[in-house]
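Count along the sequence shown from 1, then add 22; that gives the number in this note's numbering.
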Amino acid sequence: MQEEVEQKTINLAVTTTKLSWRVVIGAVRAFINHKRRKQMMGPKHYRGKQTVKQLLSQDQGATSMVVGDEGIKDFERIAKRYGVDFAVTKDGSVNPPKYTVFFKAKDMDALEAVMDEFEKVKAFKKEHPSVLHQLGIYKEKAKEQMVKAKIRVKEMIR
Numbered sequence: 023m024q025e026e027v028e029q030k031t032i033n034l035a036v037t038t039t040k041l042s043w044r045v046v047i048g049a050v051r052a053f054i055n056h057k058r059r060k061q062m063m064g065p066k067h068y069r070g071k072q073t074v075k076q077l078l079s080q081d082q083g084a085t086s087m088v089v090g091d092e093g094i095k096d097f098e099r100i101a102k103r104y105g106v107d108f109a110v111t112k113d114g115s116v117n118p119p120k121y122t123v124f125f126k127a128k129d130m131d132a133l134e135a136v137m138d139e140f141e142k143v144k145a146f147k148k149e150h151p152s153v154l155h156q157l158g159i160y161k162e163k164a165k166e167q168m169v170k171a172k173i174r175v176k177e178m179i180r
């Protein structure tokens, strides 16, 4: 971006050596027209995940709720699927971190659908732990058995 700005500046400097007042006035008019068109389009509309500032700048009201550390990625994926505009903040002062999700107030119907599906995903994950979680359980059991085996070997040697 910075290189692009520098290139435009250099190009402008090269072309300004041959400018007349008519060209300068035309450039100023074009700039003013561009600004007017930009203002007529109104503020930029953000979709999906955004910052809290962007969400609140849309003047549609906002609601918030606390989501635990578990499943924040699942929540974001589901909210994007339903087209809900949201913002996530992380409170790292507590362990595990606490996430607060802000929504537009007008998205309440879609938000209910998101929360229903999110609860189903959490329940499914609780009933069916991931392979890595199960591997960790087996790993802990193997460590315990190794410790017990070492103790038995030491008792036999004595």
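Positions of the beta carbon are idealized from the N, C-alpha and C atoms, including for glycine. These numbers come from a predicted model, not from an experiment.
Classification of residue i by the beta-carbon crowding that lies within 10 angstroms, buried from 16 upward
{"i": "Val88", "result": "exposed"}
{"i": "Val50", "result": "exposed"}
{"i": "Ile100", "result": "buried"}
{"i": "Tyr160", "result": "exposed"}
Same chain only: Cβ atoms within 6 Å of residue i, ignoring 5 sequence neighbours per side
{"i": "Phe125", "result": "Thr85, Phe108, Leu133"}
{"i": "Ile32", "result": "With a pLDDT of only 45 at Ile32, under the threshold of 50, the placement of this residue in the model should not be trusted, and no figure is reported."}
{"i": "Lys144", "result": "Gly93"}
{"i": "Gly48", "result": "none"}
For residue i, the residue or residues it bridges with in DSSP
{"i": "Val169", "result": "Its beta-bridge partners do not exist; DSSP assigns none."}
{"i": "Ala84", "result": "Lys126"}
{"i": "Gln72", "result": "Ala109"}
{"i": "Val89", "result": "Tyr121"}
DSSP-derived helix/strand/coil call for residue i
{"i": "Val116", "result": "coil"}
{"i": "His150", "result": "coil"}
{"i": "Arg180", "result": "coil"}
7 Å Cβ shell around residue i - same chain, five flanking residues per side excluded
{"i": "Asp96", "result": "Phe140, Val143"}
{"i": "Leu34", "result": "Below a pLDDT of 50, predicted positions are generally treated as unreliable, and Leu34, at 49, falls in that range; no measurement from the model is reported."}
Neighbourhood of residue i by C-beta, 8 Å cutoff - its chain only, sequence neighbours within 5 removed
{"i": "Thr73", "result": "Ala109"}
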